[in-house]
Each structure stands twice: as structure tokens, then as C-alpha cells.
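Here is the structure we will look at.
Residue numbers (my numbering): 1474 to 2219.
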């Protein structure tokens, strides 16, 4: 009983009435203590199907169904003892009946009985109408049946059928096939059971909705297409703005596509479509929301940042756009950026390119047409192939290769002392003044309206070191010239070159002095001091100066003694415009003579002395080395044995021993009271001085007198004291000897 009830009242069919009735039936069964039982296995509106247990000794069974709370006669049925199932018919629908089964023996005696209470099913409903509004369902309408707690709708198509339980009318059977004829029946249900099916009605499901494929190929159009629909002979498609603004457009067609034009860009539209059959009955609606493609943005502006090679693109937004795509193209090169705002930054632009920039608006429908392209010229690239040449000392020439999009160029030249100059030109070459010994840092930029090119290679160029122009000789001899100068900028080393037209003499040094040796005497040299640096080499533009070496050393050919104190030196004159100086050097001192010719005489030489005679040549260039020395010894010419004797009449006689040869002498006496001189007659060896004052100390010298020239003053001197005897000369006393004084003549 419980299993049958669960099947009958599954879903919406279950109710409190059914539950209560089941409890009553169970009580009745339990109350029978004879072991005889009865059960219900099916119930309809007017029938109850039951079974009972066999009872020992029973000959037949009598079944009685008595309606409760209803005026009517009990219904009686008899069964022999063979079957254990039976059916009670012609019962009252939707009525609780007391069903009793009695086991009777062959004598008519009731052996046992069992009873149960059972509600019959409601009356069979009658379908008023069945129709389809959707392609997968049929709706059924009927009059309500008393006591029915639910209804079972059945739609049968051939051998297949679909059931659904509903509470009341109308009810809908779903899950059906489109454009298909179905036989529809309805069964009423209560807690007691189900009625028999109602008389059937036929209903056909409407056509399936066309499945739309929708796109917006342009900002003002939508294309709608669909596949064929079974049993359809025509289609109806309508379109309207989803916000309700504007009017609806509707088109009927037998084709499978439509194009709606003159739409608003970037606007969401609702499209509805259905098919109809030969009877003009419309099928299901298919609803689709489609936005039109956006209109292209307007007023595109491009701002270029030359420092970062970026461009910011901005525009006026357009309706219905989800995002924007910005493209900058130049030949095969393309850059993109996307944004949902109204500006976008293009990064990594290339210098020297001209880009076409356009913007496309995007939404779910697709993309707008590109905006009119805006030209973007980036800054030119940094010039390359930069060359630096020093055409002439003091002039730098900077050249470079031409670059695309470059309107003009600026060259910046900065020296290592911080000074910077520049050159602005539309050509590919600039000239600059330069100084020697400087390092210049050179960069070249190209310019156009977009701005300055990126920094390219920074080249450096070091000019040749400066020339020592103020060099001068500090020492010059016959074979050597010593040159000095001040240090100059940029010089790491110096080279001094002396050229005489035949040979070259070089001197390299890091100092500012150079000694050129092994030169030719009495020769004019063209001397240049060159500066040198490792990076630039030698400055070959340095000016030269002429420097003459000192004259050559004279060669003494002959030395002759012309007189007691005179010698004549002869030499070979091998220099021009030269003054020669001859020197006689001995223990007695130095004696000189000079001449511009090839000989000169030295006078006042002391006799009896040894000399070394040499000669030098002197010009404005300097002094030569001394010639080879020639030894010379003069003639034992000063007298010896000089003595003083007193004479009468206050006189003094000076006596000496004469030297060999014919020599004249002169005698001199020097005292505090007077000086006295006497010259003897040739050949005599004494000389008298009269009227000499006494009481004085006299210095006495006897000097030879040459034939030519004055007397010689180099002989030894003696001192005598002359005393007085009364008013006359007294004793003459020798006091000592003085060394002769050295005399020089020239």
C-alpha cells in the first residue's frame, strides 16, 4: 500500500489527506487479530483493486464497499476461494469507502473478516483546450475536478510520451519537440489514487525560434542571419534601442538574413526574431542584444616628447566604446597601445622615423574605421660617421653624415679647460678655431621641429702640442750650443734639431733644456725646437731660429821675440769678422794682445820668464776654444848686483852688473822726499844721482829700456836707507829686497 501510494502521489500529489488515510488503513489491518488481512493495490475514480490473504476453511469471500458520509447503497461482490484479488467497480469518485472482506465457509458461516478505508480517485477531467505558445511546450486548460489535489499531463508523440504533474489549470508540458503534433491527456489525482486518462486532444508545438547570428560591420549597421527553421515559411525580425529611445524597426522576410542600417553608433540594440508556419502561426521568439560598432574618434592630437622618444596621443571619446587602440606605423615598423581612457602613450619610438598615427575605437561588436592618419615626425637620429680633421694648425674641421628628418645640425665643442663653443649649420661640416695642446670633446646633434636628436658618439680630439717659440741659446761654443725654453701646453717631450745644410744634429728630452754638441765651429745653424705628445705626435709647424756657433780655434803658426819685452804671435785666421785674443800665461802673470788680423804683439813681458802662449777667436756668436798652447821663454834682462855708493856733494851712485847684450838701462829712486831718475850712457853699468836728500829710505830699481817702447818695470827693487852726516849724505844702508810688480800691456 505504501509503495503504491508513493508512486501515485510523488511530487505535488502528496497531501495531508493521503497521509491521514494511510494511517487509518493500517490501524484497521492491525486490529484484525485473526491473521486475515486485506490490501489495496490500485484505485481509480470508480474502481478499487484489492487483494486479501487466503483463510483456511473459507469456501468464498464477500467484499462490501460502503461510502462514508454519502447517501448511497453499499456495493457487494462475491468471489470463490480460488482468487485472492478482486475489483470493486461503479464506486463514487473522490469518496472514502469502507471496504470489508469476509471469509465464508461452505455453510455460509463467516470465519474471519478484515476491513480497510479507501478514498477513490477524483473524477476524470475533461480538456477544454490544448495549445502551444513555445516550441518546446504545450499548455492545457481544463475544468477543475472536485477533490483533485494535482493533475498528470501527458503528451504523446508516437511511442514516446512526456508527463508532468501540475496543481491546477492551466498546465504546461515542457521538453517537447518543435513543430510536432502531440496527443494530450490529463489524469486527476488525490490521496486515494489517479483517475483514468481524459479523452485526448491533439496539439502541435509552434516553430522553433531562429538562432540568430548578429554582427555590426559598421558603426551604423547590424547584420542579422540565421539558419533554416523546420516547417517555417517566413520570418519576422525587429530591432530597437535597448534603452527604449527611438522607434522600432521590423522586417518580414522569407530569407535567412537581414541588414538594419541608419543605426546609432556604439549603441546597444535588442533584436527579436521568430518564424511562422503556413498557417501564419508565429513560433518562438529569439532575443539578442547587439551593440553597434563605435564611430571613429575625432580630433586626434599627438604630443611628442623628444627626450624620451615617446608620444602621447589624445582624442575626443566616442559613444559605446570599451577601449581604444592606437597604432603608429612606418613601413614595416608598427607600435601599438590600448586604453579605456582618452589618451595613450606610444613608447620606444625610433628616431629618424615618420609615423602615421591613427586611432580605432573598439567594443563588443568590433572596431571602428581608423581615424584619419596624423603624421608624427620623430627627432632625427644622432649623426654618425663623425670625422675630425685639423686642416691647419688652429683650425678644426668637423664633418658627419646626413641624417633623415634632420633640418639642421648643432656641433658642440668643449675644451678641457671648460670653455665651450658651438656651430649651427644646415650643412654637414663645421669649422672651429683651436688652440695647440688642448683636448676637445665634440658632439653633433641633429634638429627638426620635433626637437633634438639623442646623444650620439662623443669624440675627443687632441691638438698638437704648442711650439716653444721663445727658445734662446744660453751657451754657445765652437761645437756646442745650449738651448733653453719655457714649457708649453700639451708637450710630453721635445726634440731640438740643428740643420746647417749638410748635416742634422738632434737632441730629444723631456726637460726644457737641450745641449747640441759635436757642431761645426763658425757655422750658422737653423735650430728648431719641436714639441711632441704621444696621442698627436710632433707639432711640425714650429718656427726655427738661426744660431751661429763660436768661431773655430785659431792655429798659432809662429811666435817671435821682437825685443826684450815684446813678442809677436802669428796664427792662421780661419774665421770671418773675428777678434783674436792672444794670451801669454806664466808664473809672472798674464799678458794679452788682440787683433782682427792674423798676428798681434804682447809687450812688457818680464825677461827671463817662461810663458804658455795660446789664442782664441771671438765673434758675436761667442768665443772659440783655445788654440794649442805654444811654450815661450823670454831672455837672464834685469841687471844683477845692484848697489848704492855715497858720492861727494850729496850724490849717490847706483851700480849693477849688466846682462849680456847691448841693453840700455834706466834707474829710479823713490823716497818720501822725492823721486829721482838717471839714465847712463850706453855701455856703462852705473848711474849717478846728485843732490839727493839724506835722511830718507829709497826704493831703487834698475830697469832695461828697449829700443822700442818704454822702460820695463818688472825688475826687482831694493830698499836703501841714506843717512845724513851733518848736512851731507851719510851712510847708505841696505834695507831689503821687494818683489817686482806684475804689469800687463795690451
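From the three backbone atoms N, C-alpha and C, an ideal C-beta is built for every residue, glycine too. Source: prediction; values computed, not measured.
Option in the options with minimal Cα separation from residue i
{"i": "residue 1512", "options": "1591, 1534, 1569", "result": "1591"}
{"i": "residue 1813", "options": "1831, 1790, 2138", "result": "1790"}
{"i": "residue 1989", "options": "2016, 2014, 2022", "result": "2022"}
{"i": "residue 1949", "options": "2109, 1802, 1991", "result": "1991"}
{"i": "residue 2086", "options": "2080, 2066, 2095, 2093", "result": "2066"}
{"i": "residue 1957", "options": "2011, 2018, 1996", "result": "2018"}
{"i": "residue 2107", "options": "2116, 1951, 2058, 2034", "result": "2034"}
{"i": "residue 1739", "options": "1708, 1586, 1692", "result": "1692"}
{"i": "residue 2110", "options": "2060, 2178, 2153, 2064", "result": "2178"}
{"i": "residue 1932", "options": "1709, 1635, 1913, 1972", "result": "1913"}
{"i": "residue 1638", "options": "1661, 1768, 1735, 2166", "result": "1661"}
{"i": "residue 1601", "options": "1644, 1586, 1962, 2026", "result": "1644"}
{"i": "residue 1973", "options": "1996, 1652, 1951, 1961", "result": "1996"}
{"i": "residue 1784", "options": "1704, 1756, 2180, 1830", "result": "1830"}
{"i": "residue 1860", "options": "1842, 1583, 1901, 2128", "result": "1901"}
{"i": "residue 1745", "options": "1898, 1641, 1710", "result": "1710"}
{"i": "residue 1623", "options": "1604, 1633, 1666", "result": "1666"}
{"i": "residue 2043", "options": "2036, 1810, 2052, 2032", "result": "2032"}
{"i": "residue 2188", "options": "2038, 2146, 1943, 2152", "result": "2038"}
{"i": "residue 1640", "options": "1614, 1651, 1631", "result": "1614"}
{"i": "residue 1582", "options": "2140, 1572, 1535, 1733", "result": "1535"}
For residue j and residue i, the rounded distance between their alpha carbons
{"i": "residue 2077", "j": "residue 2136", "result": "15 Å"}
{"i": "residue 1728", "j": "residue 1721", "result": "20 Å"}
{"i": "residue 2050", "j": "residue 1978", "result": "26 Å"}
{"i": "residue 2097", "j": "residue 2071", "result": "15 Å"}
{"i": "residue 1981", "j": "residue 1987", "result": "8 Å"}
{"i": "residue 1663", "j": "residue 1654", "result": "30 Å"}
{"i": "residue 1875", "j": "residue 1967", "result": "41 Å"}
{"i": "residue 2172", "j": "residue 2198", "result": "21 Å"}
{"i": "residue 2123", "j": "residue 2144", "result": "15 Å"}
{"i": "residue 1793", "j": "residue 1724", "result": "25 Å"}
{"i": "residue 1608", "j": "residue 1568", "result": "40 Å"}
{"i": "residue 1773", "j": "residue 1803", "result": "18 Å"}
{"i": "residue 1629", "j": "residue 1554", "result": "42 Å"}
{"i": "residue 1575", "j": "residue 1620", "result": "30 Å"}
{"i": "residue 1681", "j": "residue 1523", "result": "47 Å"}
{"i": "residue 1836", "j": "residue 1685", "result": "20 Å"}
{"i": "residue 1896", "j": "residue 1889", "result": "18 Å"}
{"i": "residue 1951", "j": "residue 2028", "result": "14 Å"}
Outcome for residue i when other beta-carbon atoms lying within 10 angstroms are tallied against a minimum of 16
{"i": "residue 1747", "result": "buried"}
{"i": "residue 1531", "result": "buried"}
{"i": "residue 2183", "result": "exposed"}
{"i": "residue 2210", "result": "exposed"}
{"i": "residue 1683", "result": "buried"}
{"i": "residue 2115", "result": "buried"}
Distance CB(residue i)-CB(residue j) smaller than 7 Å
{"i": "residue 2054", "j": "residue 2089", "result": "yes"}
{"i": "residue 2001", "j": "residue 1970", "result": "yes"}
{"i": "residue 1560", "j": "residue 1520", "result": "yes"}
{"i": "residue 2221", "j": "residue 1820", "result": "Nothing can be reported for residue 2221: it is not among the residues displayed for the chain, which extend from 1474 to 2219."}
{"i": "residue 1903", "j": "residue 1871", "result": "yes"}
{"i": "residue 1946", "j": "residue 2020", "result": "yes"}
{"i": "residue 2101", "j": "residue 2126", "result": "no"}
{"i": "residue 1965", "j": "residue 2006", "result": "yes"}
{"i": "residue 1585", "j": "residue 1507", "result": "yes"}
{"i": "residue 1605", "j": "residue 1676", "result": "yes"}
{"i": "residue 1938", "j": "residue 2004", "result": "yes"}
{"i": "residue 1510", "j": "residue 1587", "result": "yes"}
Contacting residues, own chain, Cβ-Cβ under 8 Å from residue i (five flanking each side not counted)
{"i": "residue 1690", "result": "1696, 1766, 1839"}
{"i": "residue 1707", "result": "1725, 1726, 1727, 1748, 1749"}
{"i": "residue 1737", "result": "1693, 1714, 1719, 1765, 1792"}
{"i": "residue 1755", "result": "1679, 1680, 1709, 1747, 1748, 1749"}
6 Å Cβ shell around residue i - same chain, five flanking residues per side excluded
{"i": "residue 2204", "result": "2196"}
{"i": "residue 2200", "result": "none"}
{"i": "residue 1919", "result": "1853, 1856, 1876, 1879, 1882, 1926"}
{"i": "residue 1596", "result": "1518, 1566, 1618"}
{"i": "residue 2206", "result": "2194"}
{"i": "residue 1916", "result": "1885, 1931"}
Min CB distance residue i to chain D below 7 Å
{"i": "residue 1669", "result": "Here there is only one protein chain, and chain D is not present."}
Spatial neighbours of residue i in its chain, beta-carbon cut-off 7 Å, leaving aside the 5 residues before and after
{"i": "residue 2220", "result": "The shown model of the chain, from 1474 to 2219, leaves out residue 2220, and the question about it has no answer."}
{"i": "residue 1562", "result": "1519, 1520"}
{"i": "residue 1673", "result": "1656, 1657, 1658"}
{"i": "residue 2208", "result": "2170, 2192, 2193, 2194"}
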